[in-house]
Amino acid sequence: MKKIVVAIDGPAGAGKSTIAKLVGEKLGYAYIDTGAMYRSVTWKFLGTGKDFNENVIGELAHKMLIEFKPEAKVNRVFVDGTEVTEAIRTPEVTANVSKVAAIGSVREAMVKQQRRMGEIGGIIMDGRDIGTVVFPDAELKVFLTASVEERAMRRYKENVAKGQTCDLAKLKEEIAARDKADSEREISPLKQAGDAILLDSSHMTIDEVVQAILNMVEERL
Ligand code: DC
153 MKKIVVAIDG PAGAGKSTIA KLVGEKLGYA YIDTGAMYRS VTWKFLGTGK
203 DFNENVIGEL AHKMLIEFKP EAKVNRVFVD GTEVTEAIRT PEVTANVSKV
253 AAIGSVREAM VKQQRRMGEI GGIIMDGRDI GTVVFPDAEL KVFLTASVEE
303 RAMRRYKENV AKGQTCDLAK LKEEIAARDK ADSEREISPL KQAGDAILLD
353 SSHMTIDEVV QAILNMVEER L
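So for the sequence shown, our numbering puts the first residue at 153; every next one is plus one.
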C-alpha cells in the first residue's frame, strides 16, 4: 500500500504528540516528535553549563545523534546513546527551548535529520514547521490547535496525575508566552501552511481527533 508523509503542526499543548503517536500506531507509520529534538539540543546545551551562545549551541546540534525508540506507552528518546525521555521534559528545558529553537544553525541541523527520517515515506511527524518547511510537499498537513484555556487545563491535569502541584494561571501564561515566541521568531515561525487542514480539538476527545486524521489519510490513499 502507498505510504504517505503526514505533517502535524500546531501550538504547544494542542495534543500533537499524543495524537500523532496513536495515528502512527494505527497506520504502522514511524512517529517523529520534532519538539523532542529541539528539547534534546536544549538539554545537551544546559548540561554544558556554558552561557547562551548561538555558535556553541549550533555546533552541538550538528554533532549530536538523536534517536527514537517507540514503546507502547512512551516514545523513548536517546541523545548520543543516553536516554533523555524524562530529562527533556523538565521545566528548565521547557523554559529554554524556544530560545534554542530560534537559532538558524540548530534548525538547519534538525531539519536535515528530519528530512532524512522521512525519505522513505510512511511517517507522521509533529512540530511547528513540518508542513511549511520540513515537508512542504507532504500529502497530508494538519494544523492541530485548541484554545489556550483548554491547553493549559490539559497540562494541569497531566501534572496533577503525575503528583506534581502546579498553578493553572501560571501554566496558561507559560503556554501563551511560548506560542508568542514560536509564532514571532524570524526563522520558520509557527504558522499554518496554506494547504493544511485546521483541526480545533478544544471540544474533541483524543479518539475523535485520531479518527478525524485517519479519515483524512484514507482520503489521500
Ligand atoms: O512540541 P514541544 O512543546 O515539545 O516543542 C518544544 C519547542 O520546540 C517549542 O517551544 C518550539 C520548538 N519546536 C520548533 O521550533 N519546531 C518544531 N518543529 C518543533 C518544536
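The beta carbon of each residue, even a glycine, is placed where N, CA and C say it ideally should be.
Exercise. Tell me the DSSP bridge mates of E310?
Worked result: Residue numbering aside, residue 310 sits at position 158 when the sequence shown is read from its first letter. None, per the DSSP bridge assignment.
Problem set entry | Distance between P222 and A345 (C-alpha atoms, nearest Å) | Residue numbering aside, residue 345 sits at position 193 when the sequence shown is read from its first letter. Residue numbering aside, residue 222 sits at position 70 when the sequence shown is read from its first letter. Those two C-alpha atoms are separated by around 28 Å.
Problem set entry | M153 to V312 span [Cα, whole Å] | As a position in the sequence shown, residue 153 is number 1, starting the count at 1. As a position in the sequence shown, residue 312 is number 160, starting the count at 1. Cα-Cα distance, rounded: 42 Å.
Exercise. For the alpha helix (DSSP H) that F197 lies in, which residues bound it at each end?
Worked result: Mapped onto the sequence shown, residue 197 falls at position 45. That run of the alpha helix (DSSP H) goes 186-200.
For this session: Put R228 into one of helix, strand or coil per three-state DSSP.
Result: As a position in the sequence shown, residue 228 is number 76, starting the count at 1. Of the three classes helix, strand and coil, the one that applies to R228 here is strand, per DSSP.
Exercise. Is A143 near the ligand DC, in the sense that its beta carbon is under 7 Å from a heavy atom of that ligand?
Worked result: Residue 143 lies beyond the range of the chain shown here (153 to 373); nothing can be said about it.
Problem set entry | Where the beta strand (DSSP E) containing K276 begins and where it ends | Position 124 of the sequence shown, counting from 1, holds the residue named residue 276. The sequence as given places Ile at residue 276; Lys does not occur at that position. Start and end: 275-279.
Problem set entry | Beta-carbon separation (whole angstroms), S353 vs L342, contact threshold 8 Å | As a first step, residue 353 must be located in the sequence shown, where it is residue number 201. As a first step, residue 342 must be located in the sequence shown, where it is residue number 190. In fact, because the Cβ distance is near 16 Å, the residues do not count as touching under 8 Å.
For this session: Would you check if the distance between the CB atom of E211 and the CB atom of I255 is smaller than 8 Å?
Result: Locating residue 211 in the sequence shown gives position 59, counting from the first residue. Locating residue 255 in the sequence shown gives position 103, counting from the first residue. Their beta carbons are not under 8 Å apart, which means E211 does not touch I255 by this criterion.
Exercise. Is it a yes or a no for the segment 156-163 touching the segment 236-253, going by three-plus beta-carbon pairs under 8 Å?
Worked result: no
Exercise. Are the segment 277-288 and the segment 349-364 in contact at 8 Å, needing three or more beta carbon pairs?
Worked result: The answer is no - the segment 349-364 does not touch the segment 277-288, with fewer than three Cβ pairs under 8 Å.
For this session: Say yes only if the C-beta of D347 is nearer than 7 Å to one or more non-hydrogen atoms of the ligand DC, and no if none qualify.
Result: By 1-based counting over the sequence shown, the position of residue 347 is 195. No; taking the cut-off as 7 Å, the Cβ of D347 has no heavy atom of the ligand DC nearer than that.
For this session: Counting only runs of 3+ residues fully inside the segment 328-365, write out the beta strand (DSSP E) ranges in chain order.
Result: Runs of the beta strand (DSSP E) inside the segment 328-365: 349-352.
Problem set entry | Backbone CA spacing between T200 and G187 [nearest angstrom] | Here residue 200 corresponds to residue number 48 of the sequence shown, with the count starting at 1. Here residue 187 corresponds to residue number 35 of the sequence shown, with the count starting at 1. Looking at the two C-alpha atoms, the distance is approximately 20 Å.
For this session: Rounded to whole angstroms, what's the CA-CA distance from E177 to Y190? Just pull it up for me.
Result: Here residue 177 refers to the residue found at position 25 of the sequence shown. Here residue 190 refers to the residue found at position 38 of the sequence shown. Taking the straight line joining both Cα atoms gives about 23 Å.
Problem set entry | Nearest-angstrom Cα separation, counted from T194 out to A261 | For this step, residue 261 is matched to residue 109 along the sequence shown. For this step, residue 194 is matched to residue 42 along the sequence shown. Computed Cα separation, rounded: 13 Å.
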